[in-house]
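Positions -1 to 213 (the numbering used here) are the ones given, in order, by the sequence shown.
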Amino acid sequence: MVAHQPSEPQRLSLETVWRRAVELLEKITGFTLTPTLPAPGETWHWSVLKFELRPINKAGGAPRGPWGPLGAPQGPPGGPLGAPRGTLYVDLWARKDKTRLLAQFTIRGSKQMDYPLKRGWELGGPLSRACVVEDNGCLRQIPCCALVSNFAPPARLSNSEKGDDAEEALLLLRDSKITENESLHLLHELGHVIHGLLSRTELQHLSGKPPNPKP
């Protein structure tokens, strides 16, 4: 008699799961998540990926094919993609002293900015100016979220603070495998991300997913 050996859970390509989620986002909302080069010092670890939520202009359609090069297309209105409507940082892989959560975090909410900016009030640091766009005649702060997970890192991922560049970090998606259960959790949290990034509210505290009510 041969003892029963539990089978290994089926593992899926993280890149494929992410691509399919973005394709579904495009089909349902008309927006896409495009990889973008972060500014120097913008992220807390070199392997953190940055994406921008952008509307797909009907005439141009969404870009297809390989991911790269990072930072393209930047798409002025009239091109394939419109102006950024939200920013997403994706911190996927486990490393020392990192949280074990798979969760979405709101970094910045959507809100109208006409009142303070028209009065010359200085708000935020040097990156804050890139977070304000013109939207239907008013100035709006675009939302920003982080999606954090603790997936097993690919073998070539360095846990040092200074690793390869951001383009290399994006290629790590191709080397990563996750279980079916992990993919379901990832898609659930990505739903919270999209809820937050699509917010266009007048007040920041109304933006995105509301906090869970206390019992």
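Glycine included, each C-beta is placed from N, C-alpha and C at the ideal position.
Residue j beta carbon less than 8 Å from that of residue i
i           : j           : result
residue 195 : residue 86  : yes
residue 34  : residue 54  : no
residue 105 : residue 167 : no
residue 169 : residue 15  : no
residue 140 : residue 84  : yes
residue 150 : residue 92  : yes
residue 20  : residue 88  : no
residue 116 : residue 11  : no
residue 177 : residue 17  : no
residue 13  : residue 172 : yes
residue 275 : residue 187 : Nothing can be reported for residue 275: it is not among the residues displayed for the chain, which extend from -1 to 213.
residue 197 : residue 107 : yes
residue 131 : residue 82  : yes
Limits of the alpha helix (DSSP H) - the one that residue i falls within
i           : result
residue 182 : 178 to 195
residue 16  : 12 to 27
Same chain, Cβ closer than 8 Å to residue i, five either side skipped, listed in chain order
i           : result
residue 80  : 52, 53, 54, 55 and 73
residue 23  : 29, 30, 31 and 192
residue 64  : The predicted model places residue 64 with a pLDDT of 39, which falls under 50 and marks its position as unreliable, so this point remains unresolved.
residue 134 : none
Run of the beta strand (DSSP E) containing residue i, from where it starts to where it stops
i          : result
residue 36 : First-last for residue 36: undefined, no H or E at that position.
residue 53 : 47 to 53
Residues near residue i in its chain [Cβ-Cβ closer than 6 Å; skip 5 each side]
i           : result
residue 148 : 92 and 98
residue 179 : none
residue 129 : 139 and 140
residue 90  : 147 and 149
residue 27  : none
residue 43  : none
residue 142 : 85, 105 and 106
Residues of its chain near residue i, where Cβ-Cβ distance is below 7 Å and the 5 sequence neighbours each way are ignored
i           : result
residue 136 : 110 and 112
residue 69  : Legend: pLDDT at residue 69 = 38, less than 50; position of this residue unreliable, value from coordinates given subsequently. Closer than 7 Å at Cβ, skipping near neighbours: 34 and 35.
residue 49  : 31, 32, 33, 34, 86 and 88
residue 181 : 10 and 15
residue 96  : 148
residue 38  : none
residue 25  : none
Residue ranges of each beta strand (DSSP E) run of no fewer than 3 residues wholly in the segment 74 to 150, ordered along the chain? 84 to 91, 101 to 106, 130 to 133, 136 to 139 and 142 to 149
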